[in-house]
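Using my numbering, the first residue of the sequence shown is number 606, and each one after it goes up by one.
Notes follow once the structure below has been shown.
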Amino acid sequence: ATLALQASARRFGDAVESAERASLARLREARFEDADMAAKASLPRTLAGATPDFADGVALAPSGALLLPATVAREMSRVSEACAALARGFGELTGAAREQARTKLAGECAEARGPSGRWMYPLVALDASPVDAPALAAWLTSHATALRDGERAAVDREIAQSPFLDANARASLDAVARAGSARDSSLRALLDDGVARELAHAKVDGDGIARIATAASIGYVRLLADGRRVAFVTHAASLEGRVQPLGGRSDMRFALANPGDGATPLSAAVTLAPELRVLVTLRDPRDLTRRAAQRKAVLLAAGGLSASLALGLALYLFAQMRAARRLGELRTDFVAAVSHELRTPVASIRMLAELLEQKKVDDDEAPEVHATLAREARRLGDTVQRLLGFGAMARGKIAAAPKTEDVAAVVDDAVTEFEADHTSMPKVTRSLERPLEAVVDAALLRVALHNLLGNALKYAGDSAPFAVTLTSSNGAVVLSVRDHGPGIPARDQRRIFEPFERADDRLSRATEGSGIGLSLVRHIARAHGGDVRVESAPGAGATFILRVPKRLNVRG
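Listed below in structure tokens is the structure:
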């Protein structure tokens, strides 16, 4: 709030200086007519055009006598004989002659008086339609102290009765007249208090301009070639009513300071002269409390949001670290599992090949050795095929080559082939809907079924026969594999289809496998436009359900 007040005070001071510079430029360029009696009528208007709104014009004769603001001195009231004659005969004129006389009396003869001794300007100005209210206001301002009491009352009546003025214009002219009188009285007091002397003795520069400053006023004076001095002076009365507009802010109050007023923590002062200061305060001091409460609320909200964001970021980074750590562990487990799966058949093949090479196998044992070699080679091939399938899956290059197949026959052959590779396991219970044709990739479907049966064999073992079911439902082929193993907790049922993910870690570490079989099944299902899910509960076995449309609808 203090900074805002100080900034507003600086802007107020800058606005005053800017207006003074613009008016000073106009004062330099203004053309004032010669100081003969006929030309004195233009002096107030010319000087008013070079004076800021918040200042008053002053003019001095070469002798130092006051010319403006207007006085009732005889030298000020004397005008040319032509203007005087025009003013005396104005009441008898009619038509075009009257209009011409009115124009002249409102212009170059604005200081002319009629037969009764009254100035003619207010009379002719109010007798025209429309009334030039700004020009009349300027004349009333400059002649505020020169109007005698009776004449002032007459002008007020004429303003109130003029048919060419509306209520707003009347009120405005009345306010101008009153304000002009107050400003003129204040300025006259300043002039009597030494300002006139400052103006008369100010040392001008090469352009004929001098700046003056007294205890209660500031201004600029120009020395004319004929010895007259014209100036504008800013003082308390001239600033009255102009301070707030100069400030330009509705939320702050700009007011002239009294002599005893001092600055407070919640105010700022603009010092124009030692005894001419403007105080800037908050228009509504309660607004500071409201602003403080708003700032507090904003800061609390920002603090809470920042804390939430920091906590969220910390949790996210922690989750990322855990995920990275888990992924590293899974990859390590994957490498170990793949190494184990490759090492076992490779070691068996190497050992049997060395026995055959060294001819240490009897003839009656040869068929068994050859069968073992073939089985281990198939096992090695299956492992390599799974790894290749996973590589294609990771690159998004699993593509189905569909054609119309007897799905029941494909499933039946795949189950028979799996049983032949694992002779120690119980026979698989089959429930296959026949006939059941669909557009599928038979090779990929066999790979998916082999992986599901292999997964059941790893975790369920020989506890009970597996069940393979094939049905059709709503235009789709539904293949399910059920086991009687330990089951899968609900929290693990989604992640087991991710690469390297396996269910219970303790059970997984005791079970061979690479963690890519079920992920490969899911990608095969999606390559057919279908999906795979599991239904299971701890201790109740698991049923994996692969569902693909009868007509291929690839999702990628």
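Every residue, glycine too, gets a C-beta built ideally from N, C-alpha and C.
Delimiting residues of the alpha helix (DSSP H) encompassing residue i
| i | result |
| --- | --- |
| Pro850 | 848-852 |
| Ala630 | 607-634 |
| Leu690 | Checking the displayed sequence, the identity of residue 690 turns out to be Ala instead of Leu. Unbroken alpha helix (DSSP H) run through Ala690: 686-693. |
| Gly654 | 648-654 |
Bridge partner(s) assigned by DSSP for residue i
| i | result |
| --- | --- |
| Ala660 | Per DSSP, none; premise fails for Ala660. |
| Thr1076 | Val1083 |
| Val885 | Phe859, Ala873 |
| Trp724 | Arg718 |
| Asp1088 | Ala1147 |
| Ala1043 | Glu1010 |
| Leu665 | Leu671, Arg834 |
| Ala878 | Leu881 |
Extent of the continuous beta strand (DSSP E) to which residue i belongs
| i | result |
| --- | --- |
| Phe1149 | 1147-1154 |
| Glu1010 | 1008-1011 |
| Thr1034 | 1034-1037 |
| Glu697 | Taken as a continuous stretch (DSSP letters only), Glu697 belongs to no beta strand (DSSP E), as it is neither H nor E. |
| Leu672 | 671-673 |
| Arg1127 | No beta strand (DSSP E) contains Arg1127, which is instead part of the alpha helix (DSSP H) from 1122-1132. |
| Arg1138 | 1136-1141 |
Neighbourhood of residue i by C-beta, 6 Å cutoff - its chain only, sequence neighbours within 5 removed
| i | result |
| --- | --- |
| Leu632 | Ala655, Arg827 |
| Pro720 | Arg693 |
| Glu880 | Ala820, Ala821 |
| Gly852 | Phe617, Phe859 |
| Ala807 | Ala815, Ile817, Val826 |
| Arg1114 | Any reading at Arg1114 needs caution, since the residue's pLDDT is 44, under 50, leaving its predicted position unreliable; the model's value is listed next. Result list for Arg1114: empty, nothing under 6 Å. |
| Leu1112 | Below a pLDDT of 50, predicted positions are generally treated as unreliable, and Leu1112, at 41, falls in that range; the measurement from the model is reported next regardless. Closer than 6 Å at the Cβ level, and outside the excluded window around Leu1112, lies no residue. |
| Trp744 | Tyr726 |
| Asp1110 | In this prediction, Asp1110 scores a pLDDT of 48, lower than 50, which makes its location untrustworthy; no coordinate-derived value is stated. |
| Cys688 | Cys714, Ala717 |
| Val974 | Leu957, Val966 |
Chain-order list of residues whose beta-carbon lies under 8 Å from that of residue i (same chain, five-residue window excluded)
| i | result |
| --- | --- |
| Lys1155 | Glu1042, Ala1043, Val1044, Ser1077, Gly1080, Ala1081, Val1082 |
| Arg888 | Ser855, Asp856, Met857, Arg858 |
| Pro864 | Glu880 |
| Glu763 | Pro727, Leu728, Leu731 |
| Ser805 | In the sequence on display, residue 805 carries Ala and not Ser. The answer, listed in chain order, is Leu665, Gly669, Arg834. |
| Arg775 | Ile764, Ala765, Ser767 |
| Phe1023 | Val1033, Leu1054, His1055, Leu1058, Gly1059 |
Beta-carbon proximity list for residue i, same chain, < 7 Å, skipping 5 on both sides
| i | result |
| --- | --- |
| Ala841 | Ser791, Ala821, Leu861, Leu881 |
| Leu829 | Phe637, Val835 |
| Ala609 | none |
| Pro1070 | Pro1031, Lys1032, Val1033, Thr1034 |
| Ala678 | Only weak support exists for where Ala678 lies, its pLDDT of 39 falling under 50; the value from the coordinates is given anyway. Taken in chain order, the list of residues that qualify is empty. |
| Ser872 | Leu610, Leu884, Val885, Thr886 |
| Leu978 | Ile954, Leu957 |
| Asp967 | none |
| Arg1099 | none |
CB contact below 8 Å: residue i versus chain B
| i | result |
| --- | --- |
| Ala666 | Reference to chain B is not applicable here, since this structure consists of a single protein chain. |
If you pair each beta-carbon of the region 1029-1044 with each one of the region 1004-1012, do three or more pairs fall below 8 Å?
yes
ask   = Which runs of the beta strand (DSSP E) fall wholly inside the region 796-875 and span at least 3 residues, in chain order?
value = Every beta strand (DSSP E) stretch that sits fully inside the region 796-875 and reaches 3 residues is listed by chain position as 814-818, 823-828, 834-839, 857-861.
- Query: So, do the region 611-619 and the region 818-832 have three or more beta carbon pairs nearer to each other than 8 Å?
  - Reply: no
- Quick one: any contact between the region 1141-1151 and the region 1084-1094, if contact means 3 or more CB pairs under 8 Å? Verdict: yes, contact present.
Q.
Contact between the region 723-739 and the region 758-770 is defined here as three or more beta-carbon pairs at a separation below 8 Å; is this criterion met?
A. yes
Original post:
Quick check: the region 732-751 against the region 762-782, are there 3 or more CB pairs under 8 Å?
Top reply: yes
*Would you be able to state if there are at least three C-beta pairs under 8 Å between the region 650-667 and the region 831-841?*
yes
Requested in this report: Please determine if the region 916-924 and the region 893-902 are in contact, where contact requires at least 3 C-beta pairs separated by less than 8 Å.
Outcome: no
Quiz item: Hey, which unbroken runs of the beta strand (DSSP E) at 3 residues or more fall wholly within the region 894-952?
Solution: none
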